[in-house]
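All residue numbers for the sequence shown refer to full-length UniProt numbering, where the first residue is 1 and numbers rise by one.
Heads up, the beta-carbon is just placed ideally off N, CA and C, and yes, glycines get one too.
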Amino acid sequence: MTTTKENQKSNSTMGKKLNIIICGGGLGGLACAIGLKRKGHTVTILEGSHTLSEVGAGIQMPPNCVRILEGYGIADKFKDAITIPKNIVLRRYSNGKPLSTTPLDPLMSDSYGFPYWLIHRADYQRILWETAVELGIKYQIDSRVDYVDDDTNTVYLVTGEAYHADVIVGADGIRSRVRDTAVITEEVILPIASPQCAYRATVPREVMLSDPKIAHLMTDVNANNWIGYRRHIMAYPMKNGEMYNLVMAHPGQAPIGTWNMPGNVDELKEHYKSFDPVIRQVLTHVTHCLEWVLADLPPLPRWVSPKGRVVLIGDAAHAMLPFLSQGAAQAVEDGCTLAEELDSVNSLDDLPEALRKFERKRKRRAEIVQLGGRKNQHIWHLPDGEEQEERDRLMKEKDSENPDQWSDVKFQRWLFGWNAFDSTF
Numbered sequence: 001m002t003t004t005k006e007n008q009k010s011n012s013t014m015g016k017k018l019n020i021i022i023c024g025g026g027l028g029g030l031a032c033a034i035g036l037k038r039k040g041h042t043v044t045i046l047e048g049s050h051t052l053s054e055v056g057a058g059i060q061m062p063p064n065c066v067r068i069l070e071g072y073g074i075a076d077k078f079k080d081a082i083t084i085p086k087n088i089v090l091r092r093y094s095n096g097k098p099l100s101t102t103p104l105d106p107l108m109s110d111s112y113g114f115p116y117w118l119i120h121r122a123d124y125q126r127i128l129w130e131t132a133v134e135l136g137i138k139y140q141i142d143s144r145v146d147y148v149d150d151d152t153n154t155v156y157l158v159t160g161e162a163y164h165a166d167v168i169v170g171a172d173g174i175r176s177r178v179r180d181t182a183v184i185t186e187e188v189i190l191p192i193a194s195p196q197c198a199y200r201a202t203v204p205r206e207v208m209l210s211d212p213k214i215a216h217l218m219t220d221v222n223a224n225n226w227i228g229y230r231r232h233i234m235a236y237p238m239k240n241g242e243m244y245n246l247v248m249a250h251p252g253q254a255p256i257g258t259w260n261m262p263g264n265v266d267e268l269k270e271h272y273k274s275f276d277p278v279i280r281q282v283l284t285h286v287t288h289c290l291e292w293v294l295a296d297l298p299p300l301p302r303w304v305s306p307k308g309r310v311v312l313i314g315d316a317a318h319a320m321l322p323f324l325s326q327g328a329a330q331a332v333e334d335g336c337t338l339a340e341e342l343d344s345v346n347s348l349d350d351l352p353e354a355l356r357k358f359e360r361k362r363k364r365r366a367e368i369v370q371l372g373g374r375k376n377q378h379i380w381h382l383p384d385g386e387e388q389e390e391r392d393r394l395m396k397e398k399d400s401e402n403p404d405q406w407s408d409v410k411f412q413r414w415l416f417g418w419n420a421f422d423s424t425f
């Protein structure tokens, strides 16, 4: 699937070899480390948690992300963990009637050269971590960042330990200490809390197949999205068909940055009591769930520190709402483009301009994707009425601009067709 040019470019090692610290060892930090290591740099990941862990739920890997994994030569590592959906189907919340169908397989590969995957987050992180270890990347847990000194290119941990690097990458999430202590210090950047929370839950394959009312959801490999007023349920098979994944948005509040608070299953079911009987039947089999608040960031004034040696990626730079399923993919794009830009550095004096060039290539695109997520949040969660009826009409008209950003042909081409190796589509 990958062009020879992309393989060659991802592996080229033209410039000065750098000592790079990545603060944050989640999906974005790991993918960034892999891209940088393949260029010959020395890479250390400082991860604040006590163990390598990821919440047990699904995540989507669109073609713009899969392209990069192919370019890195690691896409085959995912083949036993992924599910390839046939379509994304938007459905009316109350009766499951299809409103819009976006073909995925084989259309994504035919149109953009790369497929659309679904995967369990834990599998995604595990595969990236195993790849990082194979490449010789140092992954250090229990290394929570206190602050970063932009003048000396030094990371200080809460333990008092100090680590110096040529480049420091902040991949430490929406509450980034790197951002707040080194990149943007003149103002406090506060995450924008959405008036919605989300639940994550899974149902085992054997449970789904044993219930004749919902067994078809496991054999019809689609990503289904029931949309209604201030609520939706996105659901699909994952883990190579071993379980059914549910992500549900609803009105509510929780601490920003908390991803794995136990949720109340009875409250979950109450939120969706007016939904399609089919998806409500799935919910009868949910025994536990996780809950967190939805939030994003405002556009930042910059991603690169004043001295030009510290840079932000992923949620630290552009945390976004999940309504385009692009948060992780955009972080992977960040790491890919950063590796390409640093490949042109011949001396440490070149670093500030290389990092600012990276920012120029990435910032506007990430902000457009952020906006697309906010648009989908609005479009999916309309109350019944004239605006909702007009939305449904436009979704069915093939020649019109689709109000759902996922399905709009022009936006989809720009989103999924992007090549982060050379920032074109």
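For residue i, I'd like the list of residues in its chain whose CB is within less than 6 Å of its CB, leaving aside the five on either flank, ordered along the chain.
i	result
S170	Rather than Ser, the amino acid found at residue 170 in this sequence is Gly. Answer for G170: C23, S176, V178, R179, L312 and A316, listed in chain order.
G35	G335, C336 and A339
A366	H318 and Q330
Q326	V369
W418	N64 and F425
Just the Cα atoms here: how many angstroms apart are residue i and residue j?
i	j	result
V265	E341	47 Å
S49	K86	36 Å
T51	Q140	10 Å
T4	R38	The predicted model places T4 with a pLDDT of 41, which falls under 50 and marks its position as unreliable; any figure quoted below should be read in that light. The straight-line gap from Cα to Cα measures roughly 16 Å.
L118	T83	5 Å
L300	H318	8 Å
V293	I233	15 Å
L348	D166	7 Å
T284	V43	46 Å
K77	P63	16 Å
R231	T219	26 Å
G314	Y236	25 Å
A182	H164	14 Å
Q8	I59	In this prediction, Q8 scores a pLDDT of 43, lower than 50, which makes its location untrustworthy; the coordinate-derived value is nonetheless stated afterwards. Each residue's Cα considered, the two are about 29 Å apart.
T2	L135	Summary for T2: the model assigns pLDDT 43, below 50, so the residue's position carries little reliability, and this model does not support an answer.
K213	G96	13 Å
T159	K357	34 Å
P251	E386	22 Å
Y147	H216	51 Å
G373	R413	16 Å
D105	A31	25 Å
D408	T102	9 Å
E186	V278	52 Å
Q125	A33	13 Å
L415	M108	12 Å
E242	R280	20 Å
P115	A75	11 Å
I174	S111	33 Å
H271	L382	16 Å
So if DSSP puts residue i in a beta bridge, which residue, or which two residues, is it bridged to?
i	result
V89	T101 and N224
C32	Paired residues: none, contrary to the question.
H250	C197
A295	A193
L312	G170
A420	DSSP output for A420 lists no bridge partner at all.
H164	T154
K138	T44
H120	G58
Looking only at its chain, what residues have a beta carbon closer than 8 Å to the beta carbon of residue i, apart from the 5 residues adjacent to it on each side?
i	result
E389	none
S274	Y93, S94 and G228
I184	L300, P301 and R302
F411	G372 and Q405
D276	R91, R92, Y93, S94, N95, G96 and W226
Whole-angstrom Cβ separation of residue i and residue j, contact assumed at under 8 Å?
i	j	result
G403	I379	Residue identity check: residue 403 is Pro in the sequence provided, not Gly. Contact flag correct, Cβ pair sits at about 5 Å.
residue 427	L128	Absent from the structure is residue 427, since the part of the chain shown begins at 1 and ends at 425.
I192	A295	6 Å
L290	R200	5 Å
L18	H41	5 Å
One question on the structure: do residue i and residue j come within less than 9 Å of each other, judged by their Cβ atoms?
i	j	result
G71	F421	yes
A198	M248	yes
Y244	M238	yes
I21	I168	yes
K16	D350	yes
V89	V203	no
M14	S344	yes
V332	G28	yes
R362	S423	yes
L321	S194	yes
D123	A57	no
L246	V286	yes
Q377	Q253	no
Looking only at its chain, what residues have a beta carbon closer than 7 Å to the beta carbon of residue i, apart from the 5 residues adjacent to it on each side?
i	result
F99	A small fix is needed here, since residue 99 is Leu in this sequence, not Phe. Only L90, R91, R92, D392 and M395 meet the Cβ criterion.
D151	K307
G25	I45, E47 and Y139
G263	Y199, C289, L290 and E291
V145	C23, L46, G48, V155, L157, D172, R177 and V178
Between residue i and the ligand GDP, is there a pair consisting of the residue's CB and a ligand heavy atom that are separated by less than 8 Å?
i	result
R302	The ligand GDP is absent from the structure shown, which contains no ligands of any kind.
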